[in-house]
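Notes follow the structure.
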């Protein structure tokens, strides 16, 4: 019975910490055990599992929806906007499981008076809960993470706007908690993100990640909230109070050691398995080709004849044999071992947020400068050189349009969990073409459906949330996209 309740608690989003079985068994008999677990002990597993969950969804679903790749397998319909309900299970379970460890990390940090560790836990809490609410809409939040032994299996769903409000507030709290250049609470090897135990400036980078994530949250709801727009402007105007990423070195990217267990999740995959019969999307590669973009040979493996040739997304099923026979370019196999794809957030995204805020009139400044900084940061992040004439090229030269800012942001978000999909739902950009094989009346999915076990075990609250939010369907818009 105990194991059954543990499974249910995880599956419906109210789970328990699973950092290790022994720890859980001890806590059943002595809840005070948590006091002796240093907060830093939780960090690397949280980072590893959280980043890997995002990478899996980026590779499997986001890239297909957003035309980065196109499947040449007849059974795959993601690029036609058809997503099976079972796909909902993985992000739900993995983020909630990992968030239990975040909760334990924060509790341990507070007990020990470790301000930096508590601030890091709050930052990670906001990062992962934003993923969940952007994927599903309304989610268990206030009552979440109250699983076994409390037996709280019936948890209400919070409105997305309330989740966002609390996440933004928690990041503000974290910003005030951070003690710059302090390594208290973390020991050598306990921070794969910024190595803050060995490098004093690492804690400053954590603070900048906290505030940069807060910019991301505020921008996503700025069109829905006057207060969010004002706070976004305040943050951009006061870099002393709200320091954010200012260069690529401050980007939040998990540094895979590629030594077990901290390996890129694709590290051991065969080339075939990594690409899984997927070619590069025609929209994606054609745009890069038109700009002679220096990221092409880093991101894309050419076809056998050397061509950077893409596949049309959303093609009709009856032309499958024709599409399957095309010798298309693929994702570059070097990405399997790259330590650049474990992205939480990059400096380039911060600059594109700044450019959009200025363009929309939310904040003063020069949108062109921010736009060019974002493009330049993305290219150099991947180790490429920006050509001298790049910003005078057609399609790249700044034209003072929101579409251009959002399109370049889309490319900068390559392999950044599901951010491309989230941003498309918010802005409608880039202008990706609609394939003629997409069923009539079917449009870009606006969310993923709740896992079936949630519908079954938490039926009363499930019925309440769909009555409020709308049908549990791919087409139902979440609060910020309405």
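In this note's numbering, the protein residues as written are 8 to 489.
We put the CB at the ideal spot given by N, CA and C, even for glycine.
The structure displayed is predicted, hence computed values, not measured ones.
In or out: residue i buried (at least 16 other Cβ within 10 Å) or exposed?
i           : result
residue 459 : exposed
residue 475 : exposed
residue 183 : exposed
residue 406 : exposed
residue 141 : buried
residue 279 : exposed
residue 80  : exposed
residue 416 : buried
residue 289 : buried
residue 437 : buried
residue 256 : exposed
residue 57  : buried
residue 24  : Note that residue 24 scores 46 on pLDDT, short of 50, meaning its location in the model is unreliable and no value can be drawn from it.
residue 314 : exposed
residue 463 : exposed
residue 246 : exposed
residue 408 : exposed
residue 294 : buried
residue 466 : exposed
When you compare the CB positions of residue i and residue j, do they come within less than 8 Å of one another, or not?
i           : j           : result
residue 329 : residue 88  : no
residue 47  : residue 261 : no
residue 76  : residue 285 : yes
residue 317 : residue 331 : no
residue 352 : residue 220 : yes
residue 412 : residue 362 : yes
residue 208 : residue 195 : no
residue 199 : residue 54  : yes
residue 265 : residue 274 : yes
residue 356 : residue 377 : no
residue 95  : residue 44  : no
residue 394 : residue 319 : no
residue 164 : residue 470 : no
For the putative contact between residue i and residue j, defined by C-beta atoms under 8 Å, what is the C-beta separation to the nearest angstrom?
i           : j           : result
residue 312 : residue 334 : 7 Å
residue 97  : residue 236 : The Cβ separation is near 34 Å, so there is no contact.
residue 297 : residue 442 : Contact doesn't hold; Cβ gap of about 20 Å is too wide.
residue 112 : residue 50  : 7 Å
residue 452 : residue 90  : 6 Å
residue 454 : residue 144 : 5 Å
residue 291 : residue 74  : 6 Å
residue 427 : residue 69  : 6 Å
residue 241 : residue 354 : Not a contact, Cβ separation roughly 20 Å.
Expressed to the nearest angstrom, what Euclidean distance is found between the alpha-carbon atoms of residue i and residue j?
i           : j           : result
residue 201 : residue 364 : 28 Å
residue 276 : residue 67  : 14 Å
residue 101 : residue 60  : 7 Å
residue 232 : residue 486 : 11 Å
residue 216 : residue 181 : 11 Å
residue 299 : residue 374 : 24 Å
residue 371 : residue 252 : 19 Å
residue 187 : residue 478 : 46 Å
residue 126 : residue 185 : 6 Å
residue 386 : residue 303 : 10 Å
residue 461 : residue 263 : 33 Å
residue 360 : residue 483 : 26 Å
residue 258 : residue 104 : 25 Å
residue 85  : residue 72  : 6 Å
residue 472 : residue 310 : 47 Å
residue 391 : residue 418 : 14 Å
residue 249 : residue 243 : 8 Å
residue 203 : residue 120 : 18 Å
residue 162 : residue 457 : 14 Å
residue 341 : residue 212 : 28 Å
residue 138 : residue 62  : 12 Å
residue 489 : residue 398 : 35 Å
residue 179 : residue 214 : 10 Å
residue 197 : residue 118 : 19 Å
residue 177 : residue 287 : 39 Å
residue 41  : residue 396 : A caution first: residue 41 carries a pLDDT of 48, below 50, which makes its placement in the model too unreliable to give a value.
residue 404 : residue 410 : 13 Å
residue 218 : residue 481 : 31 Å
residue 435 : residue 414 : 10 Å
residue 446 : residue 367 : 35 Å
Below 7 Å, is the gap between the Cβ of residue i and the nearest heavy atom of the ligand ZN?
i           : result
residue 425 : With respect to small molecules bound, the structure shown includes none, and the ligand ZN cannot be examined in it.
Item to check | Inter-stretch contact at 8 Å, needing at least 3 Cβ pairs: the stretch 262 to 270 / the stretch 226 to 240 | outcome: no
Item to check | Validate contact between the stretch 233 to 251 and the stretch 320 to 327 using beta carbons, cut 8 Å, 3 pairs | outcome: no
Checklist entry - If we count Cβ pairs, one from each stretch, closer than 8 Å, do we get three or more for the stretch 129 to 139 versus the stretch 404 to 422? => result no
Next on the checklist: Using a Cβ distance threshold of 8 Å, determine whether the stretch 341 to 355 contacts the stretch 102 to 109, with at least three qualifying pairs required.
Outcome noted: no
Checklist entry - How about the stretch 135 to 149 and the stretch 169 to 176: do they share at least three Cβ pairs that are nearer than 8 Å? => result yes
Item to check | At least three beta-carbon pairs within less than 8 Å, the stretch 430 to 441 to the stretch 379 to 386 | outcome: no
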